[in-house]
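Structure first, commentary second.
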Amino acid sequence: MLRVSGLQTFYGDMQALHGVTLEVREGEVVSVIGSNGAGKTTTLMTISGVLRPRRGQIEFDGRRIDSLKPAEIVEAGLGHVPEGRQLFPSMTLEENLTMGACTRRARAARTQTLERVYDLFPRLRERRHQVAGTLSGGEQQMVAIGRGLMSCPRLLMLDEPSLGLSPMLVTAIFDIIREINRGGATILLVEQNVFRALTLSHRGYILENGQIVAEGPSQQLLRDPQVRTAYLGL
């Protein structure tokens, strides 16, 4: 479904990605894990068109998308929930959600998709007219994920969805991600909570210094002594 090959991305003269190659098959949850500064966010931003790769290619459903604009990539069915939520704080919760229905296909299904988001996040339905900037961190993360779903993505990329949340809310967010996947969306997950990410996902990639250094089935990675030492503290 998504194939990334030899991706090299730079910030000015500084190279951030050194030939990243990964694949996400339809229906999977795939995790990309690694320490701060490893290049996880850069990888997602390059896939979604926010950053341009200097070398390499990105294919989605067999079509090259590495030269497309971000809006065209969303139109193709690839959504991105960025790190840090990035809501419009002075707009209401529901206005933030409807901003996600930006493609022709999504606009046509906006009412039904909004109801689905509220079914997934009942708390948001209760606060639909509340200004987004007054929501708790967990509620804002729910809005960010809901806004990503409003574009009707076939593949949804999530960047650090549990960042800054309480353990109880982390559990709730991961349960929702599992439910989204069961509902038919493929997931590419970037997450620092390595145990949670690998427990949820089918396969995983380990990114270090802009390079993939290991990959495999998630349960295999959880048993790997180096992963257990470096990322799980065991």
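Just so it is clear: in the sequence shown, position 169 is 168 by numbering that gives the first Met the number 0, and no numbers are missing. The beta carbon of each residue, even a glycine, is placed where N, CA and C say it ideally should be.
- prompt: Starting from Arg202 and walking both ways along the beta strand (DSSP E), at which residues does that stretch end?
  reply: 202 to 207 is the extent of the beta strand (DSSP E) around Arg202.
- prompt: What is the DSSP secondary structure of Tyr117, counted as helix, strand or coil?
  reply: In this structure, Tyr117 counts as helix in the three-state DSSP scheme.
Inter-residue Cα distance where the pair is Asn234 and Ala131: Nothing about residue 234 can be reported from this structure: the residues present for the chain run from 0 to 233 only.
- request: Within the same chain, show all residues whose beta-carbon is closer than 6 Å to that of Ala100, passing over the 5 residues directly before and after it, in chain order.
  value: If we look at Ala100 and ignore the five residues flanking it on each side, its Cβ neighbours are Arg106, Arg109, Met149.
field: Pair within 9 Å by beta-carbon distance, Glu207 and Ser34
entry: One thing to note: Glu207 has its Cβ within 9 Å of the Cβ of Ser34.
query: When you compare only the Cα positions, how much space is there between Arg103 and Gly76?
result: Roughly 11 Å between the two C-alpha positions.
Collapsed DSSP secondary structure at Thr8 in the structure displayed: Note: Thr8 maps to strand in three-state DSSP.
Sequence-distant residues of its chain with Cβ nearer than 8 Å to Arg62 (five each side left out): Close CB contacts of Arg62 within its chain, under the 8 Å cut and outside five residues either way in sequence, are with Ala75 (chain order).
message: Runs of 4 residues minimum, wholly inside the region 28 to 114: which ones carry the alpha helix (DSSP H) assignment?
response: Runs of the alpha helix (DSSP H) inside the region 28 to 114: 39 to 46, 69 to 75, 92 to 98, 103 to 107.
field: Environment of Met167 [buried if 16+ CB atoms lie within 10 Å]
entry: If you draw a 10 Å sphere on the C-beta of Met167, you find fewer than 16 other C-beta atoms in it, and that means exposed.
message: Quick check on the DSSP output: the beta strand (DSSP E) that includes Glu214 runs from which residue to which?
response: Where Glu214 is concerned, the enclosing beta strand (DSSP E) stretches over 210 to 216.
Candidates Thr20, Leu16, Leu164: closest to Tyr204 by CA position: Its Cα nearest to that of Tyr204, the residue Thr20 stands out among Thr20, Leu16, Leu164.
field: Gln14 - DSSP class collapsed to helix/strand/coil
entry: Three-state DSSP puts Gln14 in a strand.
- prompt: For Tyr230, which of Thr8, Val31, Glu27, Phe9 has the nearest alpha-carbon?
  reply: If we check each option's Cα against that of Tyr230, Val31 comes out closest.
- prompt: For Leu119 versus His79, is the C-beta spacing smaller than 9 Å?
  reply: At the C-beta level, Leu119 and His79 stay beyond 9 Å of one another.
- prompt: So, are the CB atoms of Ile186 and Glu27 less than 9 Å apart?
  reply: Yes, the Cβ-Cβ distance between Ile186 and Glu27 is below 9 Å.
message: Between Gly11, Gly36, Pro81, which has its C-alpha nearest Met156's C-alpha?
response: Answer by Cα proximity: Pro81.
task: Within 10 angstroms of the Cβ of Thr45, are there 16 or more other Cβ atoms? Answer buried if so, exposed if not.
output: Buried, because 16 or more other Cβ atoms sit within 10 Å of the Cβ of Thr45.
query: Alpha carbon to alpha carbon, what distance is there between Ile144 and Glu154?
result: Here residue 154 turns out to be Leu, not Glu, going by the sequence shown. Distance between the alpha carbons of Leu154 and Ile144 is about 13 Å.
Rounded straight-line distance, which links the Cα of His201 to that of Gly182: The alpha-carbon atoms of Gly182 and His201 are separated by roughly 16 Å.
query: Which partner residues does Asp174 have in the DSSP bridge list?
result: According to DSSP, which records beta bridges pairwise, Asp174 is partnered with nothing at all.
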